[in-house]
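Numbering (our numbering), first residue to last: 312 to 740. Some notes on the structure that comes next.
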Ligand code: HAM
């Protein structure tokens, strides 16, 4: 036998039986985002590599190690998007959308990072990315966080908690960075290999180290929040006060620095203790300098992205979501004339009942086979059409989820009879 082709490591299929939970999340998110005034935008999965270099930062893990970059036939360096924000900002600029206007946008789809795959960490994963551009005050920070909290409530998501921090302005972060580098250099011998490497390019990420042997050193390091400029401190305090007023619990984590360079001021993560090491289900923050960095008018921005695989895993743990049946009606045919007429009849039924879902038995089969297929389809009702029924101008209706009640309907009134039978069957389940 010919050898089968293997899937790409870290890239998953989402199977039909898993879709109910994905769709529950996506539908709730879409409804909620629209209720907060966000509009969907779709941008390409591939962008010029330069975009991510400039937006995310040369020294981040994402850009330095994890991008799927290739040179296309035209000799251009392109990259599969590792995250959504850069592409959305590029689109805002390319389409001249800014011009003093504010935008609330969301964008969903697959992202690609060449990370070491493990539970909750994949090479293709999906985000819903939410961006608010042109809003400088702390109110939008709070509203975005409240939006997340409301989504978790709607989904019945438990075991997520909020951590927030402020990174200050680019200027105050530079000052802090110098202090931190000075401190880390003084303790260079205690740094692990990863942190030594980060020390030169991205020293703030040293604070993110998960290595327990680095714990004491990190705990004693200078704290970013103590080096904030006055305006950033005020902004952060206003965010904290408003979260308290809304009754949204949070913890200030002065070590939360995030892995992408475009952040400034407020950053936050929704963390769970139910998924192991990959504990962030949703994260984001302010990126007030990003648009200018990409060549636009200086414009503040803030956003977040949720990782759908992680939300799906969390929701799956808290119990199954009932998958809707694939169809409402399964049409069983018997005899050559009925089989031929079936195609025509089901198209007419689809015209008459556009909101009902029909599956016509295809490829023949005896009654037993056809009823087994009908059962698997999840349909509530079978419509049976044999040559002798056709002769008499009728079809039989058989409810599939209870024993009783086969009936007949003239073909001319079949659509109405199906509608009534489905309503009755739904009322009983
Ligand atoms: P991020 O923290 O890199 O931020 O990713 C956001 C979320 O995507 C994470 O919290 C996590 O749930 C999920 N995620 C990230 N990497 C993986 C992976 N390898 N496998 C599975 N899930 C993953 C951003 O991407 C920013 N663009 C968020 C943002 C939007 N900030 C402002 N606006």
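For each residue, glycine too, the CB sits at the ideal point set by N, CA and C.
Return the residue from the list the options that minimises the CA-CA distance to residue i.
i, options, result
"residue 534", "483, 548, 500 and 501", "483"
"residue 576", "715, 378, 334 and 451", "451"
"residue 589", "350, 427, 388 and 695", "427"
"residue 323", "358, 599, 406 and 431", "431"
"residue 717", "505, 701, 730 and 692", "692"
"residue 543", "602, 625 and 477", "477"
"residue 473", "519, 560, 680 and 326", "560"
"residue 398", "690, 570, 738 and 420", "420"
"residue 606", "409, 333, 317 and 378", "409"
"residue 581", "572, 518, 563 and 573", "563"
"residue 381", "731, 423, 404 and 330", "423"
"residue 498", "525, 485 and 488", "525"
"residue 639", "671, 707 and 650", "671"
"residue 364", "648, 593 and 573", "573"
"residue 481", "731, 383, 538 and 351", "538"
"residue 726", "522, 400, 707 and 325", "707"
Report back the beta-carbon spacing between residue i and residue j to the nearest angstrom; my notes put them in contact at under 8 Å.
i, j, result
"residue 436", "residue 618", "6 Å"
"residue 321", "residue 434", "3 Å"
"residue 656", "residue 696", "7 Å"
"residue 705", "residue 642", "Contact doesn't hold; Cβ gap of about 14 Å is too wide."
What is the DSSP secondary structure of residue i, reduced to helix, strand or coil?
i, result
"residue 379", "strand"
"residue 765", "Given a span of 312 to 740 for the chain in the structure shown, any question on residue 765 remains unanswerable."
"residue 420", "strand"
"residue 368", "coil"
"residue 390", "strand"
"residue 696", "strand"
"residue 374", "helix"
"residue 453", "helix"
"residue 351", "strand"
"residue 318", "coil"
"residue 358", "strand"
"residue 771", "Shown here, the chain extends from 312 to 740; a query on residue 771 therefore has no answer."
"residue 597", "strand"
Given 7 Å as the limit, tell me if residue i has its C-beta closer than that to any heavy atom belonging to ligand 3.
i, result
"residue 518", "Of the ligands one can find in the structure shown, namely ligand 1, none is ligand 3."
Under 8 Å, Cβ to Cβ, is there at least one residue of chain B near residue i?
i, result
"residue 496", "In the structure shown, chain B cannot be found, because there is only a single protein chain."
message: To test your reading of the DSSP string, which unbroken alpha helix (DSSP H) runs of 4 or more residues are found completely within the stretch 508-595?
response: For secondary structure counted as the alpha helix (DSSP H) over 4 or more consecutive residues, the stretch 508-595 holds these complete runs in sequence order: 526-530 and 541-557.
task: Evaluate contact between the stretch 459-469 and the stretch 527-544, counting only Cβ atoms and requiring at least three cross-stretch pairs below 8 Å.
output: No, because fewer than three Cβ pairs between the stretch 459-469 and the stretch 527-544 fall closer than 8 Å, the two stretches do not touch.
- prompt: Given 8 Å as the limit, is there contact between the stretch 453-463 and the stretch 341-351, that is, 3 or more CB pairs closer than that?
  reply: Contact holds: three or more Cβ-Cβ distances are below 8 Å.
Uninterrupted beta strand (DSSP E) stretches inside the stretch 603-666 (no shorter than 3 residues): Complete beta strand (DSSP E) runs here, min 3: 612-618 and 640-645.
Length-filtered (3 minimum) beta strand (DSSP E) runs lying within the stretch 458-512: When DSSP assignments are scanned along the stretch 458-512, the uninterrupted stretches of beta strand (DSSP E) that are 3 or more residues long and fall wholly within it turn out to be 471-477.
message: Between the stretch 379-398 and the stretch 354-371, can you find at least three pairs of beta-carbon atoms closer than 8 Å?
response: At 8 Å Cβ cutoff, the stretches touch.
query: For the 8 Å Cβ check, are there 3 or more pairs between the stretch 619-632 and the stretch 599-606?
result: Contact fails between the stretch 619-632 and the stretch 599-606, because fewer than three Cβ pairs, one in each stretch, are under 8 Å apart.
Segment contact flag, the stretch 659-666 with the stretch 625-635, C-beta cutoff 8 Å, min 3 pairs: Counting C-beta pairs with one atom in each stretch, the stretch 659-666 and the stretch 625-635 have fewer than three that are closer than 8 Å, which means they do not touch.
field: Every unbroken beta strand (DSSP E) inside the stretch 695-727 [3 residues or more]
entry: Qualifying beta strand (DSSP E) stretches, in chain order: 705-710 and 718-721.
- request: Flag this pair as touching only if the stretch 721-728 and the stretch 675-693 have three or more C-beta atom pairs under 8 Å; answer yes or no.
  value: Verdict: no, contact absent.
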